[in-house]
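These notes are about the structure you will find just below.
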Amino acid sequence: WDEDKTYRYIRIVPKPNGPKNLIQFRHGNMPYEGRVWPDLVKQMDDFVHQYNPEVYLRNHNITECITGQERTEQARQANQCLFDIRMISEQCRSGDYGYATGQPCVFIQFNNITGWKPDLYTMNDIGPRSNTTLPANLQQFIRGNNNRNTIVDQENMGQIEYTPTQGFPVYYFPYDGHPDYMPPLVAIRFRSPATSIAIGITCRLYAKNLNHTDNFDEMVEPVPALPFNIFIE
Numbered sequence: 017w018d019e020d021k022t023y024r025y026i027r028i029v030p031k032p033n034g035p036k037n038l039i040q041f042r043h044g045n046m047p048y049e050g051r052v053w054p055d056l057v058k059q060m061d062d063f064v065h066q067y068n069p070e071v072y073l074r075n076h077n078i079t080e081c082i083t084g085q086e087r088t089e090q091a092r093q094a095n096q097c098l099f100d101i102r103m104i105s106e107q108c109r110s111g112d113y114g115y116a117t118g119q120p121c122v123f124i125q126f127n128n129i130t131g132w133k134p135d136l137y138t139m140n141d142i143g144p145r146s147n148t149t150l151p152a153n154l155q156q157f158i159r160g161n162n163n164r165n166t167i168v169d170q171e172n173m174g175q176i177e178y179t180p181t182q183g184f185p186v187y188y189f190p191y192d193g194h195p196d197y198m199p200p201l202v203a204i205r206f207r208s209p210a211t212s213i214a215i216g217i218t219c220r221l222y223a224k225n226l227n228h229t230d231n232f233d234e235m236v237e238p239v240p241a242l243p244f245n246i247f248i249e
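The numbering used here applies: residue 17 is where the sequence shown begins, and numbers increase by one.
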């Protein structure tokens, strides 16, 4: 299979296969029912290990950052923000990550775009006469959404859970190539996905300086959206 070589703001773990970005596995117990998912779990283990809190909490270049607190240029040069992997749901940070039971987790991670800084939405973008309240996480976060590709996909996707938040805190940006930088991630858990059918999903980031068109062919790379398919046998 040819791989998706599009340059994107985000990437997904485990790595999908082919141009359709397919994650496919058979759920169930090993060795007779489960197939492929142990390979996917190995990818998840290797990924989570990169965020080992015992290592990073001993690093004096890593600090805990606070949402809503402005970070100066001097602070960004002195310290990198901690991403505490312990803040994601327990099901998405150890064990089989839900793959054995057909309730898989995937990780969406920022792809280290050097120098990029989000232009966040404010109430001024909605307008003073609007009755809409801007979600707090759009004012402090780059929001991430998982959208179904069709109505059928919406039904088959079932309930999903985002941890630690549904997006990336703005204090992780911009990425400047620092060796201790911890790229933020979102753990997505599919709690009740359908089986024996491909589910089309698109993860998308929202900020004013990102292209929000649905026509991916018109987007200039890096692309702020990542379409993928999941098929659970």
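Virtual Cβ for every residue (Gly too), placed ideally from N, Cα, C.
Quick test of your reading: residue i and residue j, contact by CB under 8 Å. State the CB separation rounded to the nearest angstrom.
i    : j    : result
P69  : R102 : 6 Å
I213 : N172 : 6 Å
R27  : N127 : 5 Å
D196 : N75  : 6 Å
By the three-class DSSP mapping on this structure, what secondary structure does residue i have?
i    : result
A203 : strand
Y253 : Outside the shown range of the chain, which is 17 to 249, sits residue 253, and nothing can be said about it.
Y72  : helix
V239 : strand
T138 : coil
F99  : coil
A94  : helix
Q125 : strand
V40  : Note that residue 40 is Gln in the sequence shown here, rather than Val. Q40 falls in the strand class under three-state DSSP.
L56  : helix
Check the DSSP bridge columns for residue i and list the partner residues they point to.
i    : result
R109 : R109 is not bridged to any residue.
C219 : N162, L242
**Request:** Would you check if the segment 178-193 and the segment 125-138 touch, i.e. whether three or more CB-CB distances between them fall below 8 Å?
**Result:** Yes, the segment 125-138 is in contact with the segment 178-193.
**Prompt:** Counting only runs that start and end within the segment 154-192, where is the alpha helix (DSSP H) found for 4 or more residues in a row?
**Reply:** Scanning the segment 154-192 from its first residue to its last, the whole alpha helix (DSSP H) runs of 4-plus residues come out as 167-173.
**Request:** Say whether the segment 106-123 touches the segment 60-67, bearing in mind that this needs 3 or more beta-carbon pairs closer than 8 Å, one atom from each stretch.
**Result:** Between the segment 106-123 and the segment 60-67, the count of Cβ pairs shorter than 8 Å is three or higher; the stretches touch.
**Message:** Does the structure place the segment 241-248 close enough to the segment 194-212 that three or more beta carbon pairs sit under 8 Å?
**Reply:** Yes: at least three Cβ pairs fall under 8 Å.
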